[in-house]
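Residue numbers (the working numbering), protein chains in the order written: chain G, 43 to 292; chain C, 43 to 292. Each residue gets a CB set at the ideal place from its N, CA and C atoms; glycine is no exception. These notes are about the structure you will find just below.
There are 2 protein chains.
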Amino acid sequence: MTYCLSLLCREGIICVSDSRTSAGVDNINIRPKMRLYSVPGERVVCLMTSGNLSVTQTVIALIEEDTVRARTDPAHPHLLTQPTLFETARYVGEKIRRVSDLDRVALERDGFNFNINVIVAGQIAGGAPELHYVYPQGNSIQATVESPFLQIGEYKYGKPILHRGFSFETRLSESVKFALLSMEATIRSNVSVGGPFDVFVYETDSLQIRHRRRIEENDPYFRELAGIWTGGIISLVEKIPTLTFDPPPS
Amino acid sequence: MTYCLSLLCREGIICVSDSRTSAGVDNINIRPKMRLYSVPGERVVCLMTSGNLSVTQTVIALIEEDTVRARTDPAHPHLLTQPTLFETARYVGEKIRRVSDLDRVALERDGFNFNINVIVAGQIAGGAPELHYVYPQGNSIQATVESPFLQIGEYKYGKPILHRGFSFETRLSESVKFALLSMEATIRSNVSVGGPFDVFVYETDSLQIRHRRRIEENDPYFRELAGIWTGGIISLVEKIPTLTFDPPPS
């Protein structure tokens, strides 16, 4: 399983991904799911993937093939030559459709789903920071000010904390805490989601990869965050008045 | 959709259920999912159901048929004559198997799942308070001190708050707040779960139905609980230190 999320706020973008890959509970591996690309001063693109590992790796391989080919054929389009982030998401969608053409029949014949979801986050000079969600069919949707986050994989456990406290106006430094708390809620409830976590914090208009970090589950900061949170929640519940009941029926 | 949960603590049991029933978003109805039965001084049994509404109602109808029949045939076994709460759960499981015999083939022929889950919570004199989860196959599991809560229906959104703060040792008055916060997290994230909510608080060894209440979504207490919670969470996140990053690569 997987959990990746991306938050869009006025000050920038937060991306957090887990790295647990499993083909059943007896075969768990660590594979990062976040990839960062940039042309400093011009664009930053973050890709996060969930789904069948073979499908996601093949999509990434096709994307990287284009990049390699562009070294000898500079006119060849690739991930970092798209005019907008929307077109970048559509480009990723085209690669998904290519892999669908290659592998879907063989996968489905043996009962596997053709399953991949991709978050494309970033900014291209002249545009605003954006988040796009690319589906297994290659189509995409985009986060908005009203719906400012995207999640892929095991999204339910980590959603309430975002609904409670995160909005487009949340400061970037606070947003990263909401993202990590969302991840922490998920790993507590689903053992097939786990660390280390990749964290990327992008500041609007920086057009560079400045703040990225890999956090282990036993990282002192991550443990402190979880500890303050759990202790604080219990105190907070104590502050809520007690529910009263109607007198029992006589 | 449905969300019902039951918490087991040293001081007693909390049961909370929603009442939204839908056959698609264009056909939403209100139907309570909690039913309380008692023989005061001897036993209290709370049933909460999720799944196909026809299946759950037919199971309840069969249970109530037994009760009616026992009025003229006092030797006829029914829900409130079982020797233990485990046997009470098995009795409910037998009714589920009866409905499976009656309706499963016809349902599955038209693509419907035979889907029902039941929580059986309560206490019988001589035993401890217990929670049992009865599956569509009629078998059951039981909550324990280590795993002291059961959920049916849309359980994921409301699970992290329970993992964070609730344990078997949590006071009864605090436990009811955790249960309501779990419900509140769920209705925020899934519109097919909704109020009014039925709340039942059972005190160990009382062997009576003393504390029950129906709460509307706009109930002043429920709104206060949600307000304190959301405001408190934002303050709590502010108390967490800011994540630091490695210096950017030069």
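Task: Neighbouring residues, chain C, relative to E266/G (Cβ below 8 Å) - done: For the purposes of this step, residue 266/G is identified with residue 224 of the first sequence, where counting begins at 1. Result: I282 and P283.
Task: Beta-carbon neighbours of G195/C, restricted to chain G and to distances below 7 Å - done: Against the second sequence, residue 195/C aligns to sequence position 153. Going along chain G, no residue has its Cβ under 7 Å from G195/C, so there is no contact; the nearest lies around 13 Å.
TODO: Please decide whether G237/C counts as near chain G, where near means a Cβ-Cβ distance under 8 Å.
DONE: Counted from its first residue, the second sequence places residue 237/C at position 195. With 8 Å as the cut-off, G237/C does not count as an interface residue toward chain G.
Task: Beta carbon of C51/C nearer than 8 Å to that of D60/C - done: Counting from 1 along the second sequence, the entry for residue 51/C is found at position 9. Counting from 1 along the second sequence, the entry for residue 60/C is found at position 18. Not a contact, by the Cβ cut-off of 8 Å.
- [ ] Just the C-alpha distance for H253/G and K281/C, rounded to the nearest angstrom, thanks.
- [x] The count along the first sequence starts at 1 and reaches residue 253/G at position 211. The count along the second sequence starts at 1 and reaches residue 281/C at position 239. Spanning the two alpha carbons is a distance of roughly 21 Å.
Open item on the list: Within the continuous beta strand (DSSP E) that includes G93/C, where are the two ends?
Closed with: For this step, residue 93/C is matched to residue 51 along the second sequence. Looking at the DSSP string, the run of the beta strand (DSSP E) that includes G93/C is R85 to G93.
Open item on the list: Quick check on the burial criterion: 16 or more other C-beta atoms within 10 angstroms. Buried or exposed for A170/G?
Closed with: In the first sequence, counting from the first residue as 1, residue 170/G sits at position 128. Looking at its Cβ environment, which holds fewer than 16 other Cβ atoms inside 10 Å, A170/G is exposed.
TODO: Reducing DSSP to helix, strand and coil, say where A185/G ends up.
DONE: Stepping through the first sequence from its first residue, residue 185/G is reached at position 143. Here A185/G sits in coil by DSSP.
TODO: Sort S215/C, L223/C and H205/C by Cα distance to I229/G and report the nearest one.
DONE: On the first sequence, position 187 is the one that residue 229/G refers to. Checking every option, the nearest Cα to that of I229/G belongs to H205/C.
Open item on the list: Strictly under 8 Å for the Cβ-Cβ distance: is G153/C near chain G by that measure?
Closed with: Along the second sequence, one-based indexing puts residue 153/C at 111. Chain G contact via Cβ: absent.
TODO: Kindly indicate the opening and closing residues of the beta strand (DSSP E) around S209/C.
DONE: Position 167 of the second sequence, counting from 1, holds the residue named residue 209/C. From DSSP, S209/C is part of no beta strand (DSSP E); its letter is neither H nor E.
Task: chain G within 8 Å of T123/C, Cβ atoms only - done: Along the second sequence, one-based indexing puts residue 123/C at 81. Judged by the 8 Å Cβ criterion, T123/C is not in contact with chain G.
Open item on the list: For V218/G, list the residues DSSP reports as bridge partners.
Closed with: Within the first sequence, numbered from 1, the residue matching residue 218/G stands at position 176. According to DSSP, V218/G bridges with nothing at all.
Task: Proximal residues of chain G, C-beta to C-beta of T272/C below 8 Å - done: The residue given as residue 272/C occupies position 230 in the second sequence. Ordered by position in chain G, the residues that pass the 8 Å Cβ test against T272/C are R206 and G207.
- [ ] Grab the span of the alpha helix (DSSP H) containing F264/G for me, first residue to last.
- [x] Position 222 of the first sequence, counted from the first residue, corresponds to residue 264/G. Residues P262 to K281.
- [ ] Please compile the residues from chain G whose C-beta is within a distance smaller than 7 Å of the C-beta of S48/C.
- [x] Walking along the second sequence from the start, residue 48/C turns up at place 6. Chain G residues near S48/C: none, gap ~16 Å exceeds 7 Å.
Task: Environment of V176/G [buried if 16+ CB atoms lie within 10 Å] - done: In the first sequence, residue 176/G corresponds to position 134, counting from 1. Its Cβ being crowded by 16 or more others within 10 Å, V176/G is buried.
Task: Euclidean distance between Cα positions of G273/C and G83/G - done: In the second sequence, the residue the question calls residue 273/C occupies position 231. In the first sequence, the residue the question calls residue 83/G occupies position 41. In a straight line, the C-alpha of G273/C is about 39 Å away from that of G83/G.
- [ ] Verify whether the separation of the beta carbon atoms of Q165/G and L127/G is less than 8 Å.
- [x] Along the first sequence, read from residue 1 onward, the residue named residue 165/G stands at position 123. Along the first sequence, read from residue 1 onward, the residue named residue 127/G stands at position 85. Result yes, Cβ atoms of Q165/G and L127/G sit closer than 8 Å.
Open item on the list: Check for me: the alpha helix (DSSP H) holding I138/G runs from which residue to which?
Closed with: What you label residue 138/G is simply residue 96 of the first sequence in a count that begins at 1. Per DSSP, I138/G belongs to the alpha helix (DSSP H) from L127 to R151.
- [ ] Would you verify that the beta carbon of I275/C is, or is not, closer than 8 Å to some beta carbon of chain G?
- [x] By one-based count along the second sequence, residue 275/C stands at place 233. For I275/C, the answer is yes, since a Cβ of chain G falls inside 8 Å of its Cβ.
Task: For H120/C, the three-state DSSP class (helix, strand or coil) - done: Indexing the second sequence from 1 puts residue 120/C at position 78. The answer is coil: DSSP assigns H120/C none of H, G, I, E or B.
Open item on the list: If the criterion is Cβ atoms closer than 8 Å, does the pair V141/C and L173/C meet it?
Closed with: Counted from its first residue, the second sequence places residue 141/C at position 99. Counted from its first residue, the second sequence places residue 173/C at position 131. For V141/C and L173/C, no; Cβs fall outside 8 Å.
TODO: Using the DSSP secondary-structure output, state which residues sit across from G180/G in a beta bridge.
DONE: Within the first sequence, residue 180/G is the residue found at index 138, counting from 1. Answer is none; G180/G lacks a bridge partner.
Open item on the list: Distance cutoff 8 Å, beta carbons only. Does Y263/G sit that close to anything in chain C?
Closed with: Locating residue 263/G in the first sequence gives position 221, where the first residue counts as 1. It does; some Cβ of chain C falls within 8 Å.
TODO: Determine the contact status of F41/C and V187/C, defining contact as a CB-CB distance below 8 Å.
DONE: Here chain C has residues from 43 to 292 only, and residue 41/C is not among them.
- [ ] Check E76/G in the structure and name its three-state DSSP category.
- [x] Residue numbering aside, residue 76/G sits at position 34 when the first sequence is read from its first letter. It is Met, not Glu, that sits at residue 76/G in the sequence shown. It is a strand residue.
- [ ] Could you name the residues of chain G that E259/C contacts, counting a contact when the two beta carbons are closer than 7 Å?
- [x] Start at 1 with the first residue of the second sequence, and residue 259/C comes out as number 217. Result: empty, since nearest Cβ-Cβ is about 15 Å, beyond 7 Å.
TODO: Give a yes or no on whether the minimum CB-CB distance between R230/C and chain G is below 8 Å.
DONE: Here the question's residue 230/C lines up with position 188 in the second sequence. Closer than 8 Å: yes.
Task: Where E53/C falls, given that 16 or more other Cβ within 10 Å makes a residue buried - done: Here residue 53/C refers to the residue found at position 11 when the second sequence is read from its first residue. Answer is buried; the Cβ neighbour count reaches 16.
Task: Option in R146/C, F264/C and L223/C with minimal Cα separation from N157/C - done: Locating residue 157/C in the second sequence gives position 115, counting from the first residue. Among R146/C, F264/C and L223/C, the Cα nearest to that of N157/C is on R146/C.
- [ ] Pick out whichever of G180/G, S189/G, P202/G and L285/G has its Cα sitting closest to the Cα of L214/C.
- [x] Your numbering for residue 214/C matches position 172 in the second sequence. The candidate whose alpha carbon is nearest that of L214/C is L285/G.
Task: Alpha-carbon spacing of A117/C relative to E259/G, whole angstroms - done: Numbered from its first residue, the second sequence carries residue 117/C at position 75. Numbered from its first residue, the first sequence carries residue 259/G at position 217. Straight-line Cα distance between these residues: approximately 59 Å.
TODO: Could you tell me if L49/C is buried or exposed, where buried requires 16 or more neighbouring beta carbons within 10 angstroms of its beta carbon?
DONE: Here residue 49/C is taken as the residue at index 7 of the second sequence, counted from 1. With 16 or more other Cβ atoms within 10 Å, it is buried.
Open item on the list: Distance cutoff 8 Å, beta carbons only. Does L278/C sit that close to anything in chain G?
Closed with: Your numbering for residue 278/C matches position 236 in the second sequence. Yes, because at least one Cβ of chain G sits closer than 8 Å to the Cβ of L278/C.
Open item on the list: For E216/C, would you say it is in contact with chain G, using Cβ-to-Cβ distances shorter than 8 Å as the test?
Closed with: The count along the second sequence starts at 1 and reaches residue 216/C at position 174. So yes, E216/C belongs to the interface.
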